[in-house]
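Student: One gets our numbering by counting positions in the sequence shown from 1 and adding 13 to each. Yeah, the Cβ is synthetic: ideal placement off N, Cα and C, and Gly gets one too.
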Amino acid sequence: MNLPILSLKRRGADLADAREQVKVLEGPSVHPRFDDFLQTRGIAELKADGIEILQINVGKLCNMTCRHCHVDAGPDRKEENMDRETVDLCLAAIASSNIKTLDLTGGAPEMNANFKYFVTGAKKLGCHIIDRCNLTILLANGFTDMPEFLAENEVEIVASLPCYLEENADAQRGDGSFQKSVKALKRLNDLGYGKSNSNLMLTLVYNPVGPSLPPDQSKLESDYREQLLSRYGIHFNRLFTITNMPISRYLEHLIDEGDYEAYMTKLVEAFNPAAASGVMCTKMLSVGWDGRIFDCDFNQMLELPTAHNQPKHIRDFSADTLNTRPIVTGRHCFGCTAAAGSGCLGAIDG
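1) Is the segment 105–123 in contact with the segment 60–74, if contact means three or more CB pairs nearer than 8 Å?
2) Would you give the residue range spanned by the beta strand (DSSP E) that Cys146 belongs to?
3) Tell me, please, which residues DSSP counts as bridged to Met297.
4) With a CB to CB cut of under 6 Å and the five nearest residues on each side skipped, what residues in its chain are close to Phe131?
5) Beta-carbon within less than 8 Å of Lys374's beta-carbon, same chain only, minus the 5 sequence neighbours each way: which residues are those?
6) Please state whether the Cβ-Cβ distance between Glu239 and Arg251 is less than 8 Å.
7) Asn257 and Ala353 - do their beta-carbons sit closer together than 8 Å?
8) I'd like the span of the beta strand (DSSP E) that includes Tyr219, first residue to last.
9) Which of helix, strand or coil does DSSP assign to Phe249?
10) May I have the straight-line CA-CA distance separating Ser355 from Asn312, to the nearest angstrom?
11) Looking at the unbroken beta strand (DSSP E) that takes in Leu280, where does it start and where does it end?
12) Contact between the segment 168–184 and the segment 215–227 is defined here as three or more beta-carbon pairs at a separation below 8 Å; is this criterion met?
13) On the DSSP bridge list, what partners appear for His44?
14) Have a look at the DSSP bridge pairing and note the partners of Val171.
15) CB-CB under 8 Å to Thr133, same chain, minus the five flanking residues each way: which ones, in chain order?
16) For Gln323, which residues in the same chain have their Cβ closer than 7 Å to its Cβ, ignoring the five residues on either side in sequence?
17) Just tell me which of Leu148, Leu51, Met314 has its CA closest to the CA of Arg186.
18) Anyone know if the C-beta pair for Ala360 and Gln230 falls short of 8 Å?
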């Protein structure tokens, strides 16, 4: 693949940033290494158990720059976007396997020029499709037809809404973002999303505003439902709680605020064996905008490739090989195994 010069420069910067972050996470520390910690708990190394979900980061271009973003996405990431050739390779991988769900993320995945092509292609293959949407993009110039397109193709929307209180949500995502999100949610409701008599799924996502673990997912879902309905008349199907991972922009924030060591201690002390047995990487494969494959989206941002002798690019996809691959781990994995656990599909235990 021939990448633009600007893209190569930015990719070099991303790689350097990722290496520095890995040095922080895996360097000398009072915190145990994740693999060693599993062994002391009598837990075998993590291995894949099939691939049910293909999660694809179609690009880092985004109309927002959220504080908790582990992708370091933003309006300046124009060069890092998946091209048509790589989209076709991803569709071919789905067609050659038992993968039933395509999970599209970003950045704002809708900003990729091939987004609609990807969705319609996966729909033809019988995939359930997830769009990880920041909501505000649905109001942006050039994307106002997106809600109808998503509804027409029965795409599940998994939407970030870090709090039902405006001041807390804006503190994480930027001033004015909450009201834009409310407007977008109302429009989705008008199309049938989130309604009990509709098959259009609307899932909201909560991230803690500060360096803390998410509260109980079912209790928080109840609070969200009550508050959003009473305040704004908004309906949704379910809520995911996701722990902020100590990588990328959020790791930098933790270090700047002097909270990194305390946050890591909190994650380690909250380790849950039941959550460890259900982490998303055992059922999912992650693909970057340039086609490289990883065990999860977090490993992708840290530039941690699949294990030795495993395929490294979607062009070399082999379900037989990848279905049972060993999972590459690091200290950031404590984020997925703390308390009730966390992953792209919310809490793991309970």
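Tutor: So, from the data block:
1) yes
2) 141–146
3) Ile66
4) Val100
5) The chain is shown only over 14 to 363; residue 374 falls outside these bounds and no answer can be derived.
6) no
7) no
8) 215–219
9) coil
10) 15 Å
11) Segment 273–282 is the alpha helix (DSSP H) holding Leu280; no beta strand (DSSP E) there.
12) yes
13) Per DSSP, none; premise fails for His44.
14) Arg145, Thr216
15) Asn166
16) Thr334, Leu335, Arg338
17) Leu148
18) yes
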